[in-house]
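Top line first, the protein sequences correspond to chains E and D.
Heads up, the first sequence is in full-length UniProt numbering, so the first residue is 1 and it goes up one at a time.
Heads up, the second sequence is in full-length UniProt numbering, so the first residue is 1 and it goes up one at a time.
The beta carbon of each residue, even a glycine, is placed where N, CA and C say it ideally should be.
Heads up: the structure comes next, in C-alpha cells.
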Amino acid sequence: MSAITSTPDRRDTHVLPASEGSLFQRLLRGAVTPGGAVFLLAAVLFIAVVWANPSFGEPPQLIRFIGRTAPIAIAAMGQYYVIVAGEFDLSMGAVIATQVVIAGNYIGDDESRVLPAIALMLAIGAVVGLVNGLCTTLLKVPSFIVTLGTMLALGGLVRYLTGGAATGNPVDSFREIGRGGLQDVPVLDVLPYPVIILTVVAVASVWLMRSPFGRTLIASGDNPDAAGLAGSHVWWVKTRAFMLSSLAATVAGILLVGYAGVHPSVGAGYEFQAITAVVLGGVVLGGGRGWVLSAAAGAFALELLFSFLNFQEVESTWRNSVQGLIIILAVALAARAWTLGRRPSRTPASPTPSAAPSPTPARPGTETGEN
Amino acid sequence: MRRNIHRAPLAVASALLLGVFATSCSTEDPTDDTSASEAPADSAESPEEGSEETESSEEWFDQEVYDTQYEQRSATFEGNPEQPWLQYIDGEMTDTSKLASKGAKKACFANASISNPWRQTGWITMNQQLEVLVDEGVISEMETRDAGDDDNTQIADIDYFISEGNCDAFIISPNSTAALTDAVERACDTGKPVVVFDRGVETDCATTFIHPIGGFAWGIDTAEYLIDNLEEGDKVIALRILPGVDVLEQRWAAAEKLFEENGIEAVDYFTGADPTKIKTIITDELNKGEVAGVWMDAGDGGVAAIEAFEDFGADYPVMTGEDEMSFLRKWEETGLTGLAPVYSNFQWRTPLLALEKIFAGEEVPKEWVLPQTPITEDERADYLEANEGMPDGHYAKFGGEDLPGYPEVWQERQIP
Numbered sequence: 001m002s003a004i005t006s007t008p009d010r011r012d013t014h015v016l017p018a019s020e021g022s023l024f025q026r027l028l029r030g031a032v033t034p035g036g037a038v039f040l041l042a043a044v045l046f047i048a049v050v051w052a053n054p055s056f057g058e059p060p061q062l063i064r065f066i067g068r069t070a071p072i073a074i075a076a077m078g079q080y081y082v083i084v085a086g087e088f089d090l091s092m093g094a095v096i097a098t099q100v101v102i103a104g105n106y107i108g109d110d111e112s113r114v115l116p117a118i119a120l121m122l123a124i125g126a127v128v129g130l131v132n133g134l135c136t137t138l139l140k141v142p143s144f145i146v147t148l149g150t151m152l153a154l155g156g157l158v159r160y161l162t163g164g165a166a167t168g169n170p171v172d173s174f175r176e177i178g179r180g181g182l183q184d185v186p187v188l189d190v191l192p193y194p195v196i197i198l199t200v201v202a203v204a205s206v207w208l209m210r211s212p213f214g215r216t217l218i219a220s221g222d223n224p225d226a227a228g229l230a231g232s233h234v235w236w237v238k239t240r241a242f243m244l245s246s247l248a249a250t251v252a253g254i255l256l257v258g259y260a261g262v263h264p265s266v267g268a269g270y271e272f273q274a275i276t277a278v279v280l281g282g283v284v285l286g287g288g289r290g291w292v293l294s295a296a297a298g299a300f301a302l303e304l305l306f307s308f309l310n311f312q313e314v315e316s317t318w319r320n321s322v323q324g325l326i327i328i329l330a331v332a333l334a335a336r337a338w339t340l341g342r343r344p345s346r347t348p349a350s351p352t353p354s355a356a357p358s359p360t361p362a363r364p365g366t367e368t369g370e371n
Numbered sequence: 001m002r003r004n005i006h007r008a009p010l011a012v013a014s015a016l017l018l019g020v021f022a023t024s025c026s027t028e029d030p031t032d033d034t035s036a037s038e039a040p041a042d043s044a045e046s047p048e049e050g051s052e053e054t055e056s057s058e059e060w061f062d063q064e065v066y067d068t069q070y071e072q073r074s075a076t077f078e079g080n081p082e083q084p085w086l087q088y089i090d091g092e093m094t095d096t097s098k099l100a101s102k103g104a105k106k107a108c109f110a111n112a113s114i115s116n117p118w119r120q121t122g123w124i125t126m127n128q129q130l131e132v133l134v135d136e137g138v139i140s141e142m143e144t145r146d147a148g149d150d151d152n153t154q155i156a157d158i159d160y161f162i163s164e165g166n167c168d169a170f171i172i173s174p175n176s177t178a179a180l181t182d183a184v185e186r187a188c189d190t191g192k193p194v195v196v197f198d199r200g201v202e203t204d205c206a207t208t209f210i211h212p213i214g215g216f217a218w219g220i221d222t223a224e225y226l227i228d229n230l231e232e233g234d235k236v237i238a239l240r241i242l243p244g245v246d247v248l249e250q251r252w253a254a255a256e257k258l259f260e261e262n263g264i265e266a267v268d269y270f271t272g273a274d275p276t277k278i279k280t281i282i283t284d285e286l287n288k289g290e291v292a293g294v295w296m297d298a299g300d301g302g303v304a305a306i307e308a309f310e311d312f313g314a315d316y317p318v319m320t321g322e323d324e325m326s327f328l329r330k331w332e333e334t335g336l337t338g339l340a341p342v343y344s345n346f347q348w349r350t351p352l353l354a355l356e357k358i359f360a361g362e363e364v365p366k367e368w369v370l371p372q373t374p375i376t377e378d379e380r381a382d383y384l385e386a387n388e389g390m391p392d393g394h395y396a397k398f399g400g401e402d403l404p405g406y407p408e409v410w411q412e413r414q415i416p
C-alpha cells in the first residue's frame with residue numbers, strides 16, 4: 001500500500017528500489033516492512049473476526065465498526081506526529097476526558113452553545129499541546145515527564161469538575177456528530193459521521209506529512225541536530241506536533257461524547273492504546289521513521305483484536321491477559337518484519353548497481369519520502 | 001543516544017513494555033473512577049486479605065448469607081414506612097443507656113470517597129440531615145475526612161480522629177472490608193459510639209452497623225425479574241463495574257447462580273462503567289446474535305447500553321439498571337421492559353439519626369438492616385415526577401424530601 005505512493009524524489013536520475021517492479025512486487029515489498037505488515041495484521045484479524053462471526057463482514061456492520069474505531073484511529077494519528085518527532089504524548093487520555101466533561105458541563109441542554117463549545121474545546125486542545133510542546137522543547141523537560149504532568153493536572157481538573165462521577169449528557173444535536181450519520185446510503189445503509197471525519201483526518205494527515213512540515217518533522221525526529229543545522233526550527237516543529245496530538249485527542253473526545261456520552265472514565269487508557277497502535281504500525285519509538293496511515297491501521301488492528309476476543313467469549317477475568325499477550329506477539333512480529341525488511345537483498349535486486357551499495361537502502365513505509 | 005533508539009532490539013524492548021502497559025492501563029479501569037454504588041474496595045492493596053484475593057464468583061457465593069437476604073426481602077420492617085431510613089428488621093438491639101449524654105456533640109466521619117454518583121447523592125443528603133441536627137443542638141459539628149478510595153488513607157483518617165479529632169462519636173463508611181477492620185476496632189476501643197454504614201467490617205464492635213439488605217438481595221431481585229421475562233436459552237449480557245468488591249461480587253454471584261439454574265445464558269464483562277466500553281461490548285454481542293436481556297451490577301452506564309441497541313437497530317432488551325435518574329428517564333422514554341433495583345441511597349441519613357438516638361440513650365439495632373425495594377415499571381412514573389428537575393446522576397430513592405434545601409440543593413448538586 002505504501003509502495004503505491006512512493007515517488008520519493010522525482011528529480012533523482014536513478015530509480016529507488018522501492019519504486020521498481022510491477023505493482024504486485026511493490027506491494028509485496030511494502031508488506032514486509034513494519035509500516036506495511038500492520039495492514040496484513042489487520043487483514044488477518046479481520047478474516048479471523050469474520051470467520052468467528054460472519055455477520056461482522058456485512059457492509060452495514062462493517063461501516064459501524066469503522067465508525068466506532070474512528071476516535072482511537074484519530075488519536076493514534078495524533079500520537080504518530082509526536083512519536084515520529086521523537087517524543088511521547090501521555091496526556092491524550094486526560095485531554096479526551098477533559099473535553100468530554102467540558103462538553104457535558106458547558107453545553108448541557110443549550111443547543112446554541114454547540115458551536116462555541118466546539119471552538120472552546122479546540123482552543124483548549126491547542127493550548128494543552130502548546131504547553132506540552134514548549135515545556136518539552138524550550139524548557140528541555142523530557143516529553144514523557146511533561147505530558148505525564150499534563151495528564152495528572154488535567155485528571156485532577158476533571159475530578160474537581162465532576163467529583164469523579166458522571167454528569168448529564170449534552171444535547172442530542174451535539175452528540176449526533178459522534179452518534180449519527182447519513183441515512184439511506186446504498187449498500188452501507190448508513191454512513192456514520194465519524195467515518196467521514198476519520199477519512200478527512202486521514203487525507204489531511206497524508207497531505208501534511210508530504211508537505212515541508214511533515215518532512216521537517218521526521219527529520220527532527222530522526223536527528224534534531226542535523227535538522228537544526230539544516231535550518232529548521234526544531235522547537236517549533238515539535239511544538240506543532242504536540243498541538244496536532246492534542247487536537248486529535250480533542251476530535252476523538254468530541255466523537256466519544258457522541259458515541260458514548262459523558263463519563264470521567266471516557267478516554268481512560270487512550271494514550272497507551274494510541275501508542276500501542278502507533279508501535280503496531282511500525283513507527284519507531286524515538287522518531288524518524290514510520291507512516292501515518294500505518295498508525296491508523298494499528299488502531300484498527302487493536303480494535304479488531306478486542307472484538308475478536310468479544311466474539312470468542314474469552315472469560316472476563318483473564319481477557320486482559322490474553323489481550324496483552326497478543327499485543328506483545330504482534331509487536332514482536334512487526335519488529336521482526338522490520339529487521340527482515342532492513343536486510344539488504346542477497347542478489348542485487350536493482351538493475352542499476354549504484355543504488356545497491358547504500359548501507360541503509362530506502363524502504364517503503366519506513367523512510368521520510370513515504371509519507 | 002538517539003541513534004541507539006533506532007536499533008531494533010531497543011525499540012522492540014520498549015515496545016513490549018508499552019504493550020504491557022497499554023493493556024494494563026487501557027483495559028482495566030483505574031479504581032478511582034469506578035462508579036460502583038459502593039466504595040470500590042481496592043482489596044488487592046489490603047494486607048489482610050492475602051490469598052483470598054483470587055476468589056472466583058463461586059467463592060463469593062455464601063449460601064447462608066444468600067438465604068438470609070432472600071428472606072429479608074420479604075421481611076417486615078419496624079418503624080414508619082414513610083421514613084424508610086429509620087426502618088429496621090427486628091433483631092438484637094444495642095443498649096446505649098451508658099452512652100447517653102447531654103449537649104451538642106462533635107461527630108467525626110471517615111468517608112471512603114465520593115467518587116461515584118451514588119455516593120455523591122448520599123453525601124449531599126447527609127449534609128442536609130446534619131444541618132437539621134445542628135439546628136436542633138444534637139450535633140455541634142461534623143468533621144469529615146475523605147479517603148479518596150484508599151484504604152491506607154482511611155486508616156490514617158480514623159487514627160487521626162482517635163488521637164487528635166476531639167470526637168464524641170465516629171461514623172465510618174469503610175472503603176474495604178478486611179483492611180479497615182483493625183482501625184474500626186481501635187475506634188471502638190475508645191468507648192465512644194461507632195456507627196459503621198454501607199459496607200461492613202469483620203468485627204461487630206460497632207454500636208450499630210447500618211446497611212440495606214445487601215448484594216445477594218439485589219442479585220436475586222434482578223435475576224428473578226429477567227428469568228420471569230425471558231425464555232429458557234435466552235442470552236443475557238451482564239455488565240459489571242469491576243471485580244473484587246464484595247457487594248458487587250455478591251450481586252453477580254446471586255444472579256449467576258439463578259441464571260445457571262434457570263437455563264439463561266449469561267456472559268459477563270467488566271466495564272469500569274465506561275460507556276465507550278459498554279457500547280462496544282453490546283454492539284459486538286449484537287453482531288454475534290440476538291441479545292434478549294441486559295443485567296447490570298450498577299446502573300451507571302445503563303443509558304449507553306440502551307443506546308447501543310438503538311444504534312444497532314435491534315429490539316430493546318429486557319433490562320435491569322438502577323434507580324439513577326438517567327436510567328429511569330431512558331427507561332420511560334424507550335418503554336423497554338425493565339426493573340430498577342435499588343441500593344437504598346437514603347441510608348446516608350441514618351448514621352446521624354442513629355447518633356441522635358444513641359446520645360439520647362435509646363436502643364438501636366445492632367445490625368440496622370434498611371429496606372431495599374426495587375422500583376417497578378408501575379412505580380416509575382411516581383418517582384420520575386417526584387424527582388423532576390433532578391440531574392441525571394441523582395438517585396430516585398435518596399430520601400431527602402423533608403430536609404431543608406429540598407429540592408434546590410440536589411438539583412444544583414451542590415457537593416459540600
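Asked	Found
Which residues, in order along the region 259-275 of chain D, keep a beta-carbon less than 8 angstroms from a beta-carbon of chain E?	267, 268, 269, 270, 272, 273, 274 and 275
Compile a chain-ordered list of the residues in the region 307-326 of chain E whose CB is closer than 7 angstroms to at least one CB of chain D.	307, 310, 311, 313, 316, 317, 320, 323 and 324
Let's see if you can read the secondary structure: which residues bound the alpha helix (DSSP H) around residue 294 of chain E?	292-312
Per DSSP, what are the beta-bridge partners of residue 324 of chain E in this structure?	Per DSSP, none; premise fails for residue 324 of chain E.
What would DSSP say about residue 93 of chain D, mapped onto helix, strand or coil?	strand
Is residue 55 of chain E close to chain D? Criterion is C-beta to C-beta, closer than 7 angstroms.	yes
Closer than 7 angstroms, CB to CB, is residue 287 of chain D near chain E or not?	yes
Which of the residues in the region 240-260 of chain E, read from start to end, lie with their CB under 7 angstroms from any CB of chain D?	256, 259 and 260
Name the DSSP bridge partner or partners of residue 210 of chain D?	D:197 and D:368
Where in the region 297-378 of chain D do unbroken runs of the beta strand (DSSP E), each at least 3 residues long, occur, reported from the N-terminal end onward?	318-320 and 367-370
Determine the chain D residues that contact residue 266 of chain E at a beta-carbon separation under 9 angstroms, and present them in chain order.	274, 275 and 276
Which one or two residues does DSSP pair with residue 144 of chain D in a beta bridge?	D:109
Am I right that residue 52 of chain E and residue 308 of chain E are in contact with their C-beta atoms under 8 angstroms? What's the rounded C-beta distance?	6 angstroms
Is the number of C-beta pairs between the region 351-367 of chain D and the region 383-401 of chain D that are closer than 8 angstroms three or more?	no
Is the CB-CB distance between residue 96 of chain E and residue 226 of chain E below 7 angstroms?	no
Out of curiosity, what's the CA-to-CA distance linking residue 55 of chain D and residue 124 of chain E?	With a pLDDT of only 43 at residue 55 of chain D, under 50, the local geometry of the prediction cannot be trusted, and the value read off the model is given with reservation. If you take the alpha carbons of residue 55 of chain D and residue 124 of chain E, they lie about 45 angstroms apart.
Going straight from the alpha carbon of residue 92 of chain E to that of residue 246 of chain E, what length do you get?	6 angstroms
Count the other C-beta atoms from every protein chain shown that fall within 10 angstroms of the C-beta of residue 162 of chain E, then say buried if there are 16 or more, exposed otherwise.	buried
Is residue 232 of chain E helix, strand or coil by DSSP?	coil
Just grab the DSSP bridge partners of residue 173 of chain D for me.	D:111
Note down, in chain order, all residues in the region 232-250 of chain D with a beta-carbon under 8 angstroms from any beta-carbon belonging to chain E.	240 and 243
Check distances from the C-beta atoms of the region 211-224 of chain E to those of chain D and list, in chain order, the residues that come in under 7 angstroms.	223
Taking 7 angstroms as the CB-CB limit, is residue 10 of chain E close to chain D?	Confidence is the limiting factor: at residue 10 of chain E the pLDDT is only 45, short of 50, which leaves the residue's position unreliable, though a coordinate-based value still follows. No - not a single Cβ of chain D is within 7 angstroms of the one on residue 10 of chain E.
Given a cut-off of 7 angstroms, decide if residue 283 of chain D and residue 312 of chain D are closer than it, judged by their beta-carbon atoms.	yes
Flag this pair as yes or no: are the beta carbons of residue 187 of chain D and residue 223 of chain D separated by less than 7 angstroms?	no
What span of residues does the alpha helix (DSSP H) with residue 39 of chain E cover, start to end?	34-52
In terms of DSSP beta bridges, what is residue 268 of chain D paired with?	D:238
Give the secondary structure of residue 191 of chain E by DSSP, where H, G and I count as helix, E and B as strand, and everything else as coil.	strand
Taking the straight line between their C-alpha atoms, what separation do you get for residue 403 of chain D and residue 155 of chain E?	34 angstroms
Within a Cβ cutoff of 7 angstroms, which residues of the same chain sit near residue 102 of chain D, ignoring the five residues on either side of it in sequence?	none
Flag this pair as yes or no: are the beta carbons of residue 352 of chain D and residue 130 of chain D separated by less than 7 angstroms?	yes
Select from E:39, E:49 and E:59 the residue whose C-alpha is nearest the C-alpha of residue 187 of chain E.	E:59
Return helix, strand or coil for residue 415 of chain D, following the three-state DSSP convention.	coil
Are the region 355-362 of chain D and the region 93-113 of chain D in contact at 8 angstroms, needing three or more beta carbon pairs?	yes
Between which two residues does the beta strand (DSSP E) carrying residue 184 of chain E extend?	181-185
If you draw a straight line from the C-alpha of residue 210 of chain E to the C-alpha of residue 140 of chain E, how long is it?	28 angstroms
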